[in-house]
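Residue numbers (the numbering used here), protein chains in the order written: chain U, 30 to 142; chain P, 472 to 585. C-beta: ideal position from N, C-alpha, C; glycine also.
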């Protein structure tokens with residue numbers, strides 16, 4: 030079984046401040062981890078993934094995420110948030126031997142000017 | 472546009488009617504997935520195909536739901552005898568058949584059952 034928890038429904042930050050969106054996961058084997066962003070009335074847009082290798086992965090639009098195996102976490106970060114980063118963010122996981130994704134419930138990010 | 476395409480974008484139907492959605496994946500992608508997303512929740516897996524073969528179906532996919540992918544190209548998702556609980560966003564995604572690749576999602580079909 031595989032699952033994802035996003036403990037914060039909402040994250041509010043001021044523009045220019047660092048942004049962190051938390052994610053913890055559970056899988057029986059080795060995890061493949063993903064972050065997606067969703068804008069209103071739109072599909073999911075891929076941001077970044079961790080498959081193997083360096084624990085810090087960099088993705089689109091200045092986002093990065095850190096894989097922490099001991100804490101089973103994969104937090105999304107951005108050093109300096111923009112108003113345009115305001116959206117709904119989903120963390121997802123799949124087990125090494127699987128192709129289907131399990132998503133968290135999502136975190137709404139609001140960046141105020 | 473070479474992304475995943477879904478049609479229609481919105482569908483309003485009366486309870487008890489049948490509806491069919493279409494998904495056109497990225498052309499070189501041999502895996503295709505259907506997910507359902509309700510308000511305030513993350514997408515939930517429904518089913519997936521490798522080429523034309525339907526390899527896995529979720530328990531969420533009741534007997535009223537059927538999906539096809541003839542010739543391994545586009546896919547259709549049909550819901551028979553719709554119920555109000557079927558109201559959701561239906562998302563299609565596709566990926567290469569390689570383990571370390573990500574799935575790309577379409578913009579979804581929003582179904583409202585009245």
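If I follow the unbroken beta strand (DSSP E) through residue 581 of chain P, where does it start and stop?
580-584
Per DSSP, residue 525 of chain P is paired with what?
P:520
Can you pull the DSSP bridge partners for residue 515 of chain P?
P:507
Does residue 131 of chain U get closer than 9 Å to chain P when you measure Cβ to Cβ?
yes
Using a Cβ-Cβ cut-off of 6 Å (strictly less than) and excluding sequence neighbours within five positions of residue 495 of chain P, which residues of its own chain qualify?
476 and 545
Quick one: is residue 39 of chain U buried, meaning 16 or more other Cβ sit within 10 Å of its Cβ, or exposed?
exposed
Taking the alpha-carbon positions, what's the residue 88 of chain U to residue 67 of chain U distance?
15 Å
For residue 138 of chain U versus residue 121 of chain U, is the C-beta distance shorter than 9 Å?
no
DSSP beta-bridge partners of residue 120 of chain U:
U:64
Please list the residues of the segment 65-99 of chain U that have a C-beta atom closer than 7 Å to any C-beta atom in chain C, keeping them in chain order.
Among the protein chains in the structure shown, which are U and P, there is no chain C.
Hey, residue 575 of chain P and residue 474 of chain P are a contact pair by Cβ (cut 8 Å); roughly how many whole angstroms apart?
6 Å
Report yes or no: do the segment 45-52 of chain U and the segment 518-538 of chain P share at least 3 C-beta pairs separated by less than 8 Å?
no
What separation, rounded to the nearest whole angstrom, lies between the Cα atoms of residue 569 of chain P and residue 529 of chain P?
22 Å
Cut-off 7 Å between Cβ atoms - residues of its own chain near residue 542 of chain P, not counting five sequence neighbours on either side:
523
Under DSSP, the beta strand (DSSP E) around residue 483 of chain P begins and ends at which residues?
481-484
Provide the residue(s) that pair with residue 531 of chain P in DSSP beta bridges, ordered along the chain.
Bridge partners of residue 531 of chain P: none, in fact.
Provide the residue(s) that pair with residue 112 of chain U in DSSP beta bridges, ordered along the chain.
Partner(s): none; residue 112 of chain U has no beta bridge.
Alpha carbons only, please: which of U:101, U:78 and U:107 is nearest the one belonging to residue 90 of chain U?
U:107
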